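To keep things clear, I will list the structure first and then write my remarks on it.
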Amino acid sequence: MAAGIDFSQYKALSFDCYGTLIDWEAGITAWARAWQSETGAPVSAEQFLADFAKTERVVQSERPSDRYPLILADVGQRIAASHGLQMSEAAATSFGQSVGDWPAFADSTETLRSLRERFKLVILSNVDRASFARSQETLAVAFDAIITAEDVGSYKPDPQNFDTLLATIDGMGIPKHALLHVGESLFHDIVPATRDGIDVVWIDRGGASGRPRASGSASGDIKPLATFPSMKSFADAALLT
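So the mapping is simple: the numbering used here equals the position in the sequence shown, first residue as 1, plus 21.
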């Protein structure tokens with residue numbers, strides 16, 4: 022519900038990209054199915070995705086300065102090893118380079134273009150610049166600022182990433198209270214943004230499906246101002262006021 026939110030107070034919207042704008046779960050499972058088909062690995066795409074959620078955060082915490090393709094390659098090999106398998110270097114590299122092939126959600130481009138007419142748009146993403154550039158081609162939308170993990174030297178939920186976001190909008194002449202952060206991942210975005218005193222809304226694309234999520238679960242204060250099932254429903258509310 023969006024009752025009580027005065028969207029007119031916000032000048033900028035910052036977005037998590039993968040899970041919010043880009044359907045990384047579809048991209049990851051498509052790659053996993055192809056890998057399984059090619060190798061006969063007895064790991065379903067659904068199991069691969071469930072393993073991804075817990076493995077990615079471990080690798081990112083251990084190797085915060087590594088570019089995202091290297092993170093993904095390591096994640097893929099660790100998932101395989103956890104099932105007693107060996108993922109080839111070629112397959113791991115392929116997984117690491119797959120980000121640009123991940124599709125956008127059907128509502129992402131249209132809603133971003135609508136929101137851009139009223140708000141500054143900022144990306145705060147856990148990938149590298151080259152990977153995001155390919156996703157931006159898919160989204161076909163210009164952003165006013167782009168912050169990646171490569172730029173910061175750490176991965177969300179590290180506070181450095183949100184400090185960099187706040188410094189970026191400050192440089193744009195936008196105060197903290199005029200920023201609204203929009204994200205799907207409770208672990209990577211909703212909880213740490215809330216802790217940093219940033220207003221946040223949750224795009225709950227998974228709903229009550231109960232299926233494995235690439236972003237995994239989270240603990241802590243989960244206090245978004247509102248929850249929306251899609252970018253379209255969020256944009257409809259944000260553009261009403």
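Every residue gets a Cβ at the ideal spot worked out from N, C-alpha and C, and that includes glycine.
Quantities reported herein were computed from a predicted structural model and do not represent experimental measurements.
Next on the checklist: Please tell me whether D56 and A112 are closer than 9 Å, where the distance is taken between their beta carbons.
Outcome noted: Position 35 of the sequence shown holds residue 56. Position 91 of the sequence shown holds residue 112. It is worth fixing the name first, because residue 56 is Trp in this sequence and not Asp. For W56 and A112, yes; Cβs fall inside 9 Å.
Item to check | Cβ contact (3+ pairs, closer than 8 Å) linking the segment 31-49 and the segment 60-79 | outcome: Counting Cβ pairs under 8 Å, three or more are found: they touch.
Checklist entry - Looking at the structure shown, is Y6 part of a helix, part of a strand, or coil, going by DSSP? => result Within the shown structure, residues of the chain are numbered from 22 to 262, placing residue 6 beyond reach of any answer.
Item to check | I168 versus Q157 - alpha carbon distance | outcome: Numbered from 1 along the sequence shown, position 147 holds the residue referred to as residue 168. Numbered from 1 along the sequence shown, position 136 holds the residue referred to as residue 157. Roughly 13 Å between the two C-alpha positions.
Item to check | Coarse secondary structure for H104, derived from DSSP in three states | outcome: Within the sequence shown, numbered from 1, the residue matching residue 104 stands at position 83. DSSP places H104 outside both helix and strand once states are collapsed to three, so it counts as coil.
Item to check | 3 or more residues per run - each beta strand (DSSP E) lying fully within the segment 159-247 | outcome: Every beta strand (DSSP E) stretch that sits fully inside the segment 159-247 and reaches 3 residues is listed by chain position as 166-169, 200-204, 220-224.
Item to check | Nearest residue (CA-CA) to F197, options A170, K244, Y176, D220 | outcome: Within the sequence shown, numbered from 1, the residue matching residue 197 stands at position 176. Looking at the sequence itself, residue 197 is Lys, so the reference to Phe does not match. Closest option to K197, Cα to Cα, is D220.
Next on the checklist: Between V120 and I190, how many whole angstroms is the CB-CB distance? I'm expecting something under 8 Å.
Outcome noted: Locating residue 120 in the sequence shown gives position 99, counting from the first residue. Locating residue 190 in the sequence shown gives position 169, counting from the first residue. About 25 Å separates the two Cβ atoms, so there is no contact after all.
Next on the checklist: Counting C-beta neighbours from all protein chains within 10 Å, is the total for D122 16 or more, i.e. buried, or is it exposed?
Outcome noted: For the purposes of this step, residue 122 is identified with residue 101 of the sequence shown, where counting begins at 1. With fewer than 16 Cβ atoms within 10 Å of its Cβ, D122 is classed as exposed.
Next on the checklist: If you measure between the beta carbons of L246 and V222, is that distance less than 9 Å?
Outcome noted: Looking up residue 246 in the sequence shown gives position 225. Looking up residue 222 in the sequence shown gives position 201. The answer is yes: Cβ separation under 9 Å.
Checklist entry - Excluding the five sequence neighbours on either side, which residues of its own chain have a C-beta within less than 7 Å of the C-beta of F255, listed in chain order? => result On the sequence shown, residue 255 is found 234 positions in, with the first residue counted as 1. Excluding five sequence positions before and after F255, the CB atoms of its chain that fall closer than 7 Å to its own CB belong to V203, V222, I224, F249, given in chain order.
Item to check | Contacts around Y31, its chain only, beta-carbon distance under 6 Å, and the 5 residues preceding and following it disregarded | outcome: On the sequence shown, position 10 is the one that residue 31 refers to. Closer than 6 Å at the Cβ level, and outside the excluded window around Y31, lie A199, L201.
Checklist entry - By the 10 Å Cβ neighbour count, where 16 or more other Cβ atoms means buried, how is K141 classified, buried or exposed? => result Taking the first residue of the sequence shown as 1, we reach residue 141 at position 120. With 16 or more Cβ atoms within 10 Å of its Cβ, K141 is classed as buried.
Item to check | Residue nearest to H104 in terms of C-alpha spacing, selected from A188, P63, I92 | outcome: Walking along the sequence shown from the start, residue 104 turns up at place 83. Among A188, P63, I92, the Cα nearest to that of H104 is on P63.
Next on the checklist: Measuring straight from C-alpha to C-alpha, what distance separates Q107 and A101?
Outcome noted: Within the sequence shown, numbered from 1, the residue matching residue 107 stands at position 86. Within the sequence shown, numbered from 1, the residue matching residue 101 stands at position 80. Taking the straight line from one Cα to the other gives about 6 Å.
Next on the checklist: Taking the alpha-carbon of E138 as reference, which of R84, V162, G25, A170 has the nearest alpha-carbon?
Outcome noted: Within the sequence shown, residue 138 is the residue found at index 117, counting from 1. Nearest option by C-alpha distance: V162.
Checklist entry - Taking all protein chains shown into account, do 16 or more other C-beta atoms lie within 10 angstroms of the C-beta of A53, making it buried, or fewer, making it exposed? => result Taking the sequence shown and counting its residues from 1, the one referred to as residue 53 is at position 32. Buried is the call here.
Item to check | Between the CA atoms of R134 and F126 - distance to the nearest angstrom | outcome: By one-based count along the sequence shown, residue 126 stands at place 105. By one-based count along the sequence shown, residue 134 stands at place 113. Cα-Cα distance, rounded: 14 Å.
Item to check | Cβ-based burial, A66 [other Cβ within 10 Å; buried from 16] | outcome: Position 45 of the sequence shown holds residue 66. By the Cβ-count criterion, A66 is buried, with 16 or more other Cβ atoms from all chains shown falling within 10 Å of its own Cβ.
Checklist entry - In or out: A214 buried (at least 16 other Cβ within 10 Å) or exposed? => result Within the sequence shown, residue 214 is the residue found at index 193, counting from 1. With 16 or more other Cβ atoms within 10 Å, it is buried.
Item to check | Distance, S58 Cα to D37 Cα | outcome: Position 16 of the sequence shown holds residue 37. Position 37 of the sequence shown holds residue 58. For D37 and S58, the gap between their C-alpha atoms comes out near 31 Å.
Checklist entry - Taking all protein chains shown into account, do 16 or more other C-beta atoms lie within 10 angstroms of the C-beta of E83, making it buried, or fewer, making it exposed? => result Locating residue 83 in the sequence shown gives position 62, where the first residue counts as 1. Classification of E83: exposed, given that the 10 Å Cβ count is below 16.
Checklist entry - At which residues does the alpha helix (DSSP H) containing V80 begin and terminate? => result Against the sequence shown, residue 80 aligns to sequence position 59. From DSSP, the alpha helix (DSSP H) with V80 extends over 66-83.
Item to check | Where I96 sits in the DSSP three-state scheme | outcome: Position 75 of the sequence shown, counting from 1, holds the residue named residue 96. Looking at the sequence provided, one finds Val at residue 96 rather than Ile. In the structure shown, V96 falls within a helical segment according to DSSP collapsed to helix, strand and coil.
Checklist entry - Quick one, are the C-beta atoms of T41 and S206 less than 9 Å apart? => result Residue numbering aside, residue 41 sits at position 20 when the sequence shown is read from its first letter. Residue numbering aside, residue 206 sits at position 185 when the sequence shown is read from its first letter. In this structure, S206 lies closer than 9 Å to T41 by Cβ.
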